[in-house]
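Keeping their order, the protein sequence lines are chains A and B. Here numbering that gives the first Met the number 0 is used: position 149 in the first sequence is 148, and no number is missing along the way. Here numbering that gives the first Met the number 0 is used: position 129 in the second sequence is 128, and no number is missing along the way. Where is the CB? At the ideal position from N, CA and C, for every residue including glycine. See below for the structure under consideration.
Number of protein chains: 2
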Amino acid sequence: MMTEPNQPLPRINSGSDLKTVLNKEGFRLTSQRQKILELFRDVALDHHLSAEEIHHQLVEQGEKISISTIYRALHVMVGLGLLQELELAEDRKYYELSTPFTSHHHHLVCVQCGAVQEFEEVSISDVGAGETQTRGFVLLNSQFTIYGVCPRCQNRLGS
Amino acid sequence: MMTEPNQPLPRINSGSDLKTVLNKEGFRLTSQRQKILELFRDVALDHHLSAEEIHHQLVEQGEKISISTIYRALHVMVGLGLLQELELAEDRKYYELSTPFTSHHHHLVCVQCGAVQEFEEVSISDVGAGETQTRGFVLLNSQFTIYGVCPRCQNRLGS
DNA sequence: TAAACTGTTGAAAGTCATTTTCAATATTTA
DNA sequence: TAAATATTGAAAATGACTTTCAACAGTTTA
């Protein structure tokens, strides 16, 4: 998304950068928000985490943080363009770091086993950018998600 | 989706067709299921309805149908390929008729007012078909959704 | 055609991710 | 540092969706 951004996406590389981005919108830097963003940096760039998983991992690391704080932080960060919200499963949302790299990657989901594969395809983002421009929309985000059955599950089901 | 379908999508044009499709999978034709599908045919082809909206409309028409039946019917019909499930809002799912026509249409959502615009773009479906083929997936469905702010909401917010 | 079989329905209770409430606490600003 | 206000944790609430179960309806079989 944002292949031709009006305002460049903030790149958060250190704690103080995050503070600047938050304060600009009247939000505050808290250790909880820092920890959440650090977690996304510690996992692979294209790794998706649900609120539940984020909470689990942080608690395992010994952090004291509640699940409601996770949800609130995710909202704020999606609003600031730091994170990207993904619809990968039926019943919950997933999040990943929003960076120029991930902006052209899309998802292929196996509806049987839930496995997710990524693929890069710039042309899709370009179509999205073109459509929004034509219609005068401000582009916030776009998602291309394919649902199917992976080879393994096809065999398993004797398809 | 299904630009090169293995099995052509069933086209449901009359009550008896629906019966055939349902029975083939061990399901039964009921007046409730018929009423739901008729509702989709009465609205514009590209119109999306949530479970709640379907229920509301049918009750308003004087039909006696419960919300749980709606949810159950939607599941069955998505499973049969008659309907398409869409992720247009944060908190609920929308459904539309699954036809060759709609298979190349995608959605542009205003996150402020919720307005949804449609656009046709075959190249997107082609990319999806190509990716799934390359990876050996069976393609079930794909969605390209763009989230942004529509011109009217931009003005309203003084952006 | 009627009985047997089995899928479906409505109503109400249950589930579960996410949100909200509220008092205590932390960050920011003056 | 104090005042102003955003944030947090815990628990309760919300709300979309699912499930349970007994009554009922479509299908099948004899």
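Quick one: list the residues of chain B neighbouring C149 of chain A, beta-carbon separation under 7 Å, in chain order.
-> F136
Classify I196 of chain B as helix, strand or coil using the three-state DSSP reduction.
-> Past the edges of chain B, shown from 0 to 158, lies residue 196 of chain B, and the structure says nothing about it.
Is it true that the region 79-99 of chain A meets the region 43-60 of chain A, where meeting means three or more beta-carbon pairs spaced less than 8 Å apart?
-> yes
Assign T19 of chain A to buried or exposed, taking buried as 16 or more other Cβ atoms, counted over all protein chains shown, within 10 Å of its Cβ.
-> An exposed status is given to T19 of chain A, since fewer than 16 other beta-carbon atoms sit within 10 Å of its beta-carbon.
Quick one: what's got a C-beta closer than 6 Å to C149 of chain A's C-beta in the same chain, skipping five residues either side?
-> C109 and A114
Please specify which runs of the beta strand (DSSP E), each continuous and at least 3 residues long, are wholly inside the region 97-135 of chain B, giving them in chain order.
-> 104-109 and 115-119
Are G147 of chain B and L139 of chain A closer than 7 Å when you measure CB to CB?
-> Against a cut-off of 7 Å, the Cβ pair of L139 of chain A and G147 of chain B comes out as a contact.
DSSP state of E89 of chain B mapped onto helix, strand, coil | coil
Among B:C152, B:F26 and B:E24, which one has its Cα closest to the Cα of G135 of chain A?
-> Per the Cα distances, B:C152.
Does the beta-carbon of Q60 of chain A have 16 or more other beta-carbons within 10 angstroms, so that it is buried, or is it exposed?
-> exposed
Would G127 of chain B count as contacting chain A if we go by Cβ distances under 7 Å?
-> yes
In three-state DSSP terms, what is E3 of chain B?
-> Residue placement at E3 of chain B is flagged as unreliable, the pLDDT there being 30, under the threshold of 50; a coordinate-derived value is accordingly withheld.
What residues in the region 65-80 of chain B have a beta carbon less than 7 Å from any beta carbon of chain A?
-> none
Are there 16 or more other CB atoms within 10 angstroms of the CB of R32 of chain B, so buried, or fewer, so exposed?
-> Buried, by the Cβ-count rule.
Taking 7 Å as the CB-CB cut-off, is S124 of chain B touching chain A?
-> no
The alpha helix (DSSP H) enclosing Q56 of chain A, as first and last residue numbers | A50 to E59 is the extent of the alpha helix (DSSP H) around Q56 of chain A.
At 8 Å on the CB atoms, spell out the chain A contacts of E117 of chain B, in chain order.
-> By Cβ distance, chain A contributes nothing, its closest Cβ being about 10 Å from E117 of chain B, past 8 Å.
Thinking just about the alpha-carbon of each residue, which of A:K63, A:G80 and A:S49 is nearest to the one in Y70 of chain A?
-> A:S49
Determine, using beta carbons only, whether L141 of chain A comes closer than 7 Å to chain B.
-> Rather than Leu, the amino acid found at residue 141 of chain A in this sequence is Ser. So yes, S141 of chain A belongs to the interface.
If you draw a straight line from the alpha carbon of H105 of chain B to that of K63 of chain A, how long is it in whole angstroms?
-> Going by C-alpha positions, H105 of chain B is about 42 Å away from K63 of chain A.
8 Å contact criterion, which H47 of chain A and L87 of chain A should meet: CB distance rounded = 6 Å
Residues that E120 of chain A contacts on chain B, provided the C-beta gap is smaller than 8 Å | V126 and E130
CB V77 of chain B to CB E84 of chain B, shorter than 7 Å?
-> Yes. Within cutoff.
Is the distance from the Cβ of H103 of chain B to the Cβ of V126 of chain B below 7 Å?
-> no
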